[in-house]
Amino acid sequence: MADQYLLGWILASVLGLVALYRTLVKRNDDRRSALVEKRSECVKSVMVSNGECRSTDGDVDVIIVGAGVAGAALAHTLGKDGRRVHVIERDLQEPDRIVGELLQPGGYLKLIELGLEDCVEEIDAQRVFGYALFKDGKNTKLSYPLEKFHSDVSGRSFHNGRFIQRMREKAATLPNVQLEQGTVTSLLEEKGTIKGVQYKDKTGQEMTAYAPLTIVCDGCFSNLRRSLCDPKVDVPSCFVGLILENCDLPHANHGHVILADPSPILFYQISSTEVRCLVDVPGQKVPSISNGEMAKYLKAVVAPQIPPQLYDAFIAAVDKGTIRTMPNRSMPAAPYPTPGALLMGDAFNMRHPLTGGGMTVALSDIVVLQNLLRPLTNLNDASTLSKYLESFYTLRKPVASTINTLAGALYKVFSSSPDQARKEMRQACFDYLSLGGVFSNGPVSLLSGLNPRPLSLVLHFFAVAVYGVGRLLLPFPSPKRAWIGARLISSASGIIFPIIKAEGVRQMFFPATVPAYYRAPVSSEKQMKKTEDSIN
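Sequential numbering of the sequence shown, starting at 1, is according to full-length UniProt numbering.
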């Protein structure tokens, strides 16, 4: 009975705050609609030749550095809009990575919006309908809320390299997109404006390429981002990757998250015969693979904590020896608006890969950028373009900040801790999600990218904390339990508020108050006049 009263109180509080939030969202949407109409008027005033956007001079409109998920998708998107695109990628062979293998449903919807949904076909991609959460021998299944969507909409899991190659091939079919293998060594700058890039082609010859806009998408190890942002990279942990063969997951077509000690373990299918296992190891150092320490660690510490159905396949994968590691990086977006250049993808913004949200953020960013660039026929006025594209950093925030914050917060909650308050928070999170209904649908819709609402995220996060406190105090509170409850709330605040601060409170919750949110493109005539004036 006490639990029912507690749940009722939490639900009433959440619903009241949701109602307030919806009112604020409606006001924001009204202002956004006015902006869209204003931008539409600008589009109507622009003359477009043969349905294509073109710069007035030069052979290339946009240089894209890197052809990973972000770079390849962006190349096809801008090429389809008529831009002349030059992509320079260090290695055009199929990549072999242990992350970037799970695309959330929200990301798949963005893929459809970009006309790239066929890139998950013919690569043995597996459909994903939700998650299964395991803790202390118990498990609960969390399904994506897909009832309102077409039957084809779901998550997808696959080999990262196969997906990227499909997008590269599709981009290369466009006559105005050139893919070249080469290593970009520096950005070409003139009076504070990026004019292009210097690179070495596949023969090692030094080359230069020029374009009005250079977009850097060279991934998490980017060597170009320092001049375009303030890169505060954090490495909270590393992933140890294995592939399990010919085994069935306890819950088919679901990602599996084991709340293990010291940190989570992930399982998900990447083909009809392969299951990816990612073991999170806190810190920047992992046991050595070469001297056998890693195999011992996996067998002694990890294997006893995984579901029994996967034990034999896990041990076989360890014995096979194809163990790989990768640091998990997070980096809030802190750009320096630079005329002639823009950052995208992991070079620009990273979050812990626990929630598989990276590709969803990248594809969402591309949709935002595409909508901003479409009205423009002339990209040559670098300073005006840079000022206009400042709105990109605000318009991307609702999706990006929700996924980034959730990834960072869930990783800390799901990791074990000797602190009793953190233990209670972890258990409360598992039990809260196990309740089903609004208690699971809300968080899962955030995780999946289907409902990128930052305030909804904060409401559910603190609802978990309040639920945990209620469990401690009912039916009979004690001073010790009350103290743990107070520390639980403090711990929850200490987890989420620093992440929100790094994302930017104003841009995250009140984007409509940021002046750049309302920037509209300069008309074609004004752009042409400014370009002519600068030439004269």
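A virtual CB, placed ideally from N, CA and C, is assigned to each residue, including glycine. Since we're looking at a predicted model, the values are computed, not measured.
task = Label residue 236 either buried or exposed according to how many other C-beta atoms from any shown protein chain fall within 10 Å of its C-beta, with 16 as the threshold for buried.
result = Along the sequence shown, one-based indexing puts residue 236 at 236. The residue is buried, with at least 16 neighbouring Cβ atoms inside 10 Å.
query = Can you round the beta-carbon distance between residue 194 and residue 322 to whole angstroms, since I take them to be within the 8 Å contact cut?
reply = Taking the sequence shown and counting its residues from 1, the one referred to as residue 194 is at position 194. Taking the sequence shown and counting its residues from 1, the one referred to as residue 322 is at position 322. Their Cβ separation, rounded to whole angstroms, is 41 Å, which puts residue 194 and residue 322 out of contact at 8 Å.
key: Three-state secondary structure (DSSP) of residue 182   = For this step, residue 182 is matched to residue 182 along the sequence shown. Strand at residue 182.
ask   = Identify the residues that DSSP records as bridge partners of residue 196: which are they?
value = Position 196 of the sequence shown holds residue 196. Partner(s): 188, 210.
inquiry  = Quick test of your reading: residue 163 and residue 119, contact by CB under 8 Å. State the CB separation rounded to the nearest angstrom.
reply    = Taking the first residue of the sequence shown as 1, we reach residue 163 at position 163. Taking the first residue of the sequence shown as 1, we reach residue 119 at position 119. With 8 Å as the limit, residue 163 and residue 119 qualify as a contact, their Cβ atoms being about 6 Å apart.
Beta-carbon spacing of residue 421, residue 488 below 8 Å = Within the sequence shown, numbered from 1, the residue matching residue 421 stands at position 421. Within the sequence shown, numbered from 1, the residue matching residue 488 stands at position 488. Yes, Cβ-Cβ distance for residue 421 and residue 488 is below 8 Å.
message = Would residue 104 and residue 357 qualify as a contact pair, given that the criterion is a beta-carbon distance under 8 Å?
response = Looking up residue 104 in the sequence shown gives position 104. Looking up residue 357 in the sequence shown gives position 357. Contact: yes.
Per DSSP, the bridge partner or partners of residue 103 = Translated into the one-based positions of the sequence shown, residue 103 becomes position 103. For residue 103, which the question treats as bridged, DSSP gives the partners 156.
query = Going by the CB atoms, is the gap between residue 161 and residue 108 shorter than 8 Å?
reply = Within the sequence shown, residue 108 is the residue found at index 108, counting from 1. Within the sequence shown, residue 161 is the residue found at index 161, counting from 1. No.
key: Proximity to residue 88 [Cα-Cα], best of 135, 208, 157, 81   = Start at 1 with the first residue of the sequence shown, and residue 88 comes out as number 88. For the residues 135, 208, 157, 81, the minimum Cα distance to residue 88 belongs to 208.
query = Under the three-state reduction of DSSP, which class applies to residue 71: helix, strand or coil?
reply = Translated into the one-based positions of the sequence shown, residue 71 becomes position 71. Residue 71 falls in the helix class under three-state DSSP.
ask   = Taking contact to mean at least 3 C-beta pairs separated by less than 8 Å, is the region 362-373 in contact with the region 254-273?
value = no
Alpha-carbon to alpha-carbon, residue 206 and residue 197 = As a working mapping, residue 197 is identified with position 197 in the sequence shown. As a working mapping, residue 206 is identified with position 206 in the sequence shown. About 11 Å.
query = Are residue 459 and residue 402 closer than 8 Å when you measure CB to CB?
reply = In the sequence shown, residue 459 corresponds to position 459, counting from 1. In the sequence shown, residue 402 corresponds to position 402, counting from 1. It is not a contact, given that the beta carbons lie outside the stated cut-off.
request  = Check whether the region 83-101 touches the region 430-442, taking contact to mean three or more Cβ pairs, one atom from each stretch, closer than 8 Å.
outcome  = no
ask   = Which stretch, first to last residue, makes up the alpha helix (DSSP H) that contains residue 328?
value = What you label residue 328 is simply residue 328 of the sequence shown in a count that begins at 1. First-last for residue 328: 324-330, but that is the beta strand (DSSP E), not the alpha helix (DSSP H).
request  = Look up residue 435 in the DSSP assignment and say whether it is helix, strand or coil.
outcome  = Walking along the sequence shown from the start, residue 435 turns up at place 435. Residue state, collapsed to three classes: coil.
task = Starting from the C-beta of residue 247, find all residues in its chain whose C-beta is less than 7 Å away, skip the five residues before and the five after it, and write them out in chain order.
result = Counting from one through the sequence shown, the residue named residue 247 turns up at place 247. So the qualifying residues of the chain are 275, 310, 313.
inquiry  = What does the alpha-carbon distance come out to for the pair residue 145 and residue 380?
reply    = In the sequence shown, counting from the first residue as 1, residue 145 sits at position 145. In the sequence shown, counting from the first residue as 1, residue 380 sits at position 380. So the alpha carbons of these two residues sit roughly 44 Å apart.
inquiry  = If I follow the unbroken beta strand (DSSP E) through residue 339, where does it start and stop?
reply    = On the sequence shown, position 339 is the one that residue 339 refers to. Careful: residue 339 lies outside any beta strand (DSSP E) and carries neither H nor E.
inquiry  = Out of 434, 266, 355, 428, which one is the CA nearest neighbour of residue 142?
reply    = Within the sequence shown, residue 142 is the residue found at index 142, counting from 1. Residue 142 has its Cα closest to that of 434, out of 434, 266, 355, 428.
query = What residues match up with residue 269 in a beta bridge as DSSP calls it?
reply = By one-based count along the sequence shown, residue 269 stands at place 269. 275, per the DSSP bridge assignment.
query = If residue 228 sits next to residue 335, beta carbons under 8 Å apart, how far is it from one beta carbon to the other, in whole angstroms?
reply = Walking along the sequence shown from the start, residue 228 turns up at place 228. Walking along the sequence shown from the start, residue 335 turns up at place 335. Right, the Cβ-Cβ distance comes to about 6 Å (below 8 Å), so this counts as a contact.
request  = Answer yes or no: do residue 70 and residue 217 have a C-beta to C-beta separation smaller than 8 Å?
outcome  = Position 70 of the sequence shown, counted from the start, is the residue given in the question as residue 70. Position 217 of the sequence shown, counted from the start, is the residue given in the question as residue 217. Cβ distance < 8 Å, so residue 70 and residue 217 count as in contact.
ask   = CB-CB under 6 Å to residue 230, same chain, minus the five flanking residues each way: which ones, in chain order?
value = For the purposes of this step, residue 230 is identified with residue 230 of the sequence shown, where counting begins at 1. The residues are 334.
query = Which residue comes first and which comes last in the beta strand (DSSP E) that contains residue 130?
reply = The residue you call residue 130 lines up with position 130 of the sequence shown. Segment 130-135, the beta strand (DSSP E) holding residue 130.
ask   = Buried or exposed: which applies to residue 53, given that a residue is buried once 16 or more other Cβ atoms fall within 10 Å of its Cβ?
value = Here the question's residue 53 lines up with position 53 in the sequence shown. In this prediction, residue 53 scores a pLDDT of 39, lower than 50, which makes its location untrustworthy; the coordinate-derived value is nonetheless stated afterwards. Result: buried.
inquiry  = Taking only three categories from DSSP, how would you classify residue 441?
reply    = Numbered from 1 along the sequence shown, position 441 holds the residue referred to as residue 441. In the structure shown, residue 441 sits in a helix (DSSP, three-state: H, G or I).
ask   = What are the uninterrupted segments assigned as beta strand (DSSP E) that are 3 or more residues long and contained completely in the region 500-524, given in chain order?
value = none
inquiry  = Restricting to Cα atoms, I'd like to know which of 450, 110, 178 is closest to residue 75.
reply    = By 1-based counting over the sequence shown, the position of residue 75 is 75. Comparing Cα-Cα distances from residue 75 to each of 450, 110, 178, the minimum goes to 178.
key: Where residue 62 sits in the DSSP three-state scheme   = Residue 62 sits at position 62 when you count from the first residue of the sequence shown. Residue 62: strand per DSSP, three-state reduction.
key: Run of the alpha helix (DSSP H) containing residue 469, from where it starts to where it stops   = Counted from its first residue, the sequence shown places residue 469 at position 469. Residues 454-473.
ask   = Do the CB positions of residue 506 and residue 388 come within less than 8 Å of each other?
value = Taking the first residue of the sequence shown as 1, we reach residue 506 at position 506. Taking the first residue of the sequence shown as 1, we reach residue 388 at position 388. Against a cut-off of 8 Å, the Cβ pair of residue 388 and residue 506 comes out as no contact.
request  = For residue 226, count neighbouring Cβ atoms within 10 angstroms of its own Cβ and tell me buried if that reaches 16, exposed if not.
outcome  = Position 226 of the sequence shown, counted from the start, is the residue given in the question as residue 226. Exposed, since its Cβ has fewer than 16 Cβ neighbours within 10 Å.
inquiry  = Considering Cα atoms alone, identify which of 430, 475, 436 is closest to residue 465.
reply    = Translated into the one-based positions of the sequence shown, residue 465 becomes position 465. Comparing Cα positions, the closest option is 430.
query = Which stretch, first to last residue, makes up the alpha helix (DSSP H) that contains residue 308?
reply = The sequence position of residue 308 within the sequence shown is 308, counting from 1. Here the alpha helix (DSSP H) through residue 308 covers 308-320.
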